[in-house]
Structures are given as structure tokens and as C-alpha cells.
Amino acid sequence: MKKIAVLFIIMFSIISCKTDKSEQKLFYKAVNGEDIALLSLTVGENYFFGQYEVRYGGSSKDIGEVRGDIFGDTLKGKFKYLSYGGSDKIAPFVLLKHNEILKLGSGSISTYMNIPFYIPETLEFKDADFQFRKIDRKAFEKL
5 MKKIAVLFII MFSIISCKTD KSEQKLFYKA VNGEDIALLS LTVGENYFFG
55 QYEVRYGGSS KDIGEVRGDI FGDTLKGKFK YLSYGGSDKI APFVLLKHNE
105 ILKLGSGSIS TYMNIPFYIP ETLEFKDADF QFRKIDRKAF EKL
């Protein structure tokens, strides 16, 4: 009986250690002309991951997973997705938090050891690119 109790305590400790209580689930929407981008993020203390979808004029879309690290007001990582053409792709993904808005970064892309990244001198956060505004879960699920 003692062995079962000890085993139960060990399993409970392992499970409780794996959950990060500081994680937040956030939902965003951005519109740029006829294009719409949807972003659901789980954000921890210094990391993020989630789903990202870009709908181009309502007729095609890129959909996949984002993940990366948080450095101050910058979320920097990668977007692994299935393009509208049907091929798997990986692209750099950078967001700049400005007040309550997340601005999508763009720039010239280079690759190192098969990992794409923006060349630092070319990275910009243009007002013409997607600017994500927070929405609630119910509104996100309706989209």
C-alpha cells in the first residue's frame, strides 16, 4: 500500500511540474485590404506557440504553427505551414508588441543550417503589414 501511495505522489509531482501556470491563451485578428490573418497564441514567460492562418482575399490560405522565444517586446520564431499550393514551408516569424497591438515584421530572408531568418538590418515593422488586435475567444471561434 505504501508503494502505491509513493508512486501516486511521484506521478502527481511530475504532472504538476509540467504545467506552467503563467501561460496565457490569447487570440488576435489582423486585416490588410482583403487579406485576413488569425493568430491564437499560448504565451509563457519567455516563449510562445500557437496557430497562425492567413486568408488571401478569401480564396486561398496558408495555415500552420508558430513557435519561438520572447525577447522584451519582440516575439521571434518560425512559422511552419502548409501553403495554399500544398507544400510544407518554414518562414521566419517576428512580432513587435506596441501597446496592445502586435505588428508583423518583414524583411530580407536568409537561411542558416536550413533555418530561415530575417537579416537583422532589413527587419521592419511597417504599418502596411498585418497589425494584430486582441479579440476574445468566442469572436475568434466564429471566424
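Be aware that the sequence shown starts at 5, since it is given in our numbering, and climbs by one per residue.
Even glycine gets a Cβ: it sits at the ideal position worked out from N, Cα and C.
Between residue 93 and the set 101, 58, 83 and 102, the nearest pair of CA atoms involves 83.
The region 98-109 and the region 67-86 touch, with no fewer than 3 CB-CB distances between them shorter than 8 Å.
Scanning the region 99-143 from its first residue to its last, the whole beta strand (DSSP E) runs of 3-plus residues come out as 105-108, 113-116, 119-122 and 135-139.
Nearest neighbour of residue 136 by Cα position, chosen from 28, 26, 39 and 112, turns out to be 39. Around the beta-carbon of residue 56, 16 or more other beta-carbon atoms lie within 10 Å, marking it buried.
Nearest neighbour of residue 147 by Cα position, chosen from 28, 54 and 43, turns out to be 43. Non-local C-beta neighbours of residue 87 in its own chain, meaning closer than 8 Å and more than five positions away in sequence, comprise 66 and 93, ordered along the chain.
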